[in-house]
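Take a look at the structure set out below.
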Amino acid sequence: MTTATITITGLVDDAQCHCCGRKLRYGITTSDLSVIGADCLVSKVIVNRKRWNTGKPTASMLRDFAKAATGVGPMRGRLPAHAFRLEVAA
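Numbering (our numbering), first residue to last: 2 to 91.
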């Protein structure tokens, strides 16, 4: 299995998922310049039990990361840069 590293760069309102084409209330923007839904992104993240307790982050956790990357939300300014990088299946 080949892997890639992507970085969460922000959050956009009323978007369309690049992966499945579904209309999204909130879309997560990534370093490869695509907008993807949190559920699709969770399905692509590789299991890492050292980083995530359950093996993968939850969709709501990824939305919170995207809000923090945009500069809004309760985690604004509290996350290190490596928190926004994810290993995904290519």
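C-beta: ideal position from N, C-alpha, C; glycine also.
Query - Residue range of the unbroken alpha helix (DSSP H) whose run includes Leu63 - result: The sequence position of residue 63 within the sequence shown is 62, counting from 1. Where Leu63 is concerned, the enclosing alpha helix (DSSP H) stretches over 60 to 71.
Query raised in the report: DSSP three-state call for Leu42: helix, strand or coil?
Result: Walking along the sequence shown from the start, residue 42 turns up at place 41. Here Leu42 sits in helix by DSSP.
Query raised in the report: Roughly how many angstroms lie between the CA atoms of Leu12 and Ala39, to the nearest whole one?
Result: In the sequence shown, residue 12 corresponds to position 11, counting from 1. In the sequence shown, residue 39 corresponds to position 38, counting from 1. Taking the Cα positions, Leu12 is about 10 angstroms away from Ala39.
Query - Residues near Lys45 by beta carbon distance below 7 angstroms, same chain, minus five either side - result: In the sequence shown, residue 45 corresponds to position 44, counting from 1. Taking C-beta separations shorter than 7 angstroms and ignoring five residues to either side along the sequence, the partners of Lys45 in its chain run Val89, Ala90, following chain order.
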